[in-house]
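Engineer: Residue numbers (UniProt numbering): 1 to 101.
All C-beta atoms in this analysis are idealised placements derived from N, C-alpha and C, irrespective of residue type, glycine included.
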Amino acid sequence: MGDPAGAARHIHQALKPGGAWMIVEPFAHDALEQNINPVGRLYYSASTLVCVPTSLNQEVGTALGAQAGEGRLREVAKSGGFRQFRRAAETPFNLILEARH
Numbered sequence: 001m002g003d004p005a006g007a008a009r010h011i012h013q014a015l016k017p018g019g020a021w022m023i024v025e026p027f028a029h030d031a032l033e034q035n036i037n038p039v040g041r042l043y044y045s046a047s048t049l050v051c052v053p054t055s056l057n058q059e060v061g062t063a064l065g066a067q068a069g070e071g072r073l074r075e076v077a078k079s080g081g082f083r084q085f086r087r088a089a090e091t092p093f094n095l096i097l098e099a100r101h
């Protein structure tokens, strides 16, 4: 996604007050050292080869990084106007995050 903050703003504007945006992202911790495991290695590889170049090629080209952890995703949601943010659930492969209007 080339403009995650812009997407967050658009979603925030589309929701009614109290509405929620459910975000499903590849599981990543905020620190690189915490992501050095088989799944993290796979995600870093895919992100480096596909996600980052695709984002950089778009107009805004933010490129959150090879693995955007929960902290960075919280910043994106807050910049879009969301006031509440929490981890709703997780699996070994995904974070399920909730941002509320």
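Could you tell me whether the segment 70-83 touches the segment 44-52, where touching means 3 or more Cβ pairs closer than 8 Å?
Structural biologist: Contact fails: fewer than three Cβ-Cβ distances are below 8 Å.
Engineer: DSSP on residue 24, reduced to helix/strand/coil?
Structural biologist: Strand.
Engineer: Please name the residue, chosen from 29, 23, 12, that lies closest to residue 65 on a Cα-to-Cα basis.
Structural biologist: Residue 65 has its Cα closest to that of 29, out of 29, 23, 12.
Engineer: Can you name, in chain order, every residue of its own chain whose Cβ lies under 7 Å from the Cβ of residue 47, other than the five neighbours on each side?
Structural biologist: Correct list, in chain order: 66, 67.
Engineer: Which complete alpha helix (DSSP H) runs does the segment 19-80 hold, if anything under 4 residues is left out?
Structural biologist: Taking only runs of at least 4 residues, the alpha helix (DSSP H) segments lying wholly in the segment 19-80 are 38-46, 52-56, 70-79.
Engineer: In chain order, what residues of the same chain have a beta carbon less than 8 Å from the beta carbon of residue 18, not counting five sequence neighbours either side?
Structural biologist: Same-chain partners within the cutoff: 100, 101.
Engineer: Assign residue 115 to buried or exposed, taking buried as 16 or more other Cβ atoms, counted over all protein chains shown, within 10 Å of its Cβ.
Structural biologist: The requested residue 115 does not occur in the structure, where the chain is confined to residues 1 to 101.
Engineer: Looking only at its chain, what residues have a beta carbon closer than 7 Å to the beta carbon of residue 4, apart from the 5 residues adjacent to it on each side?
Structural biologist: Excluding residues within five positions, the ones whose Cβ falls inside 7 Å are 62, 64, 76.
Engineer: Taking the CB atoms as reference points, tell me whether residue 98 and residue 27 lie closer together than 8 Å.
Structural biologist: No.
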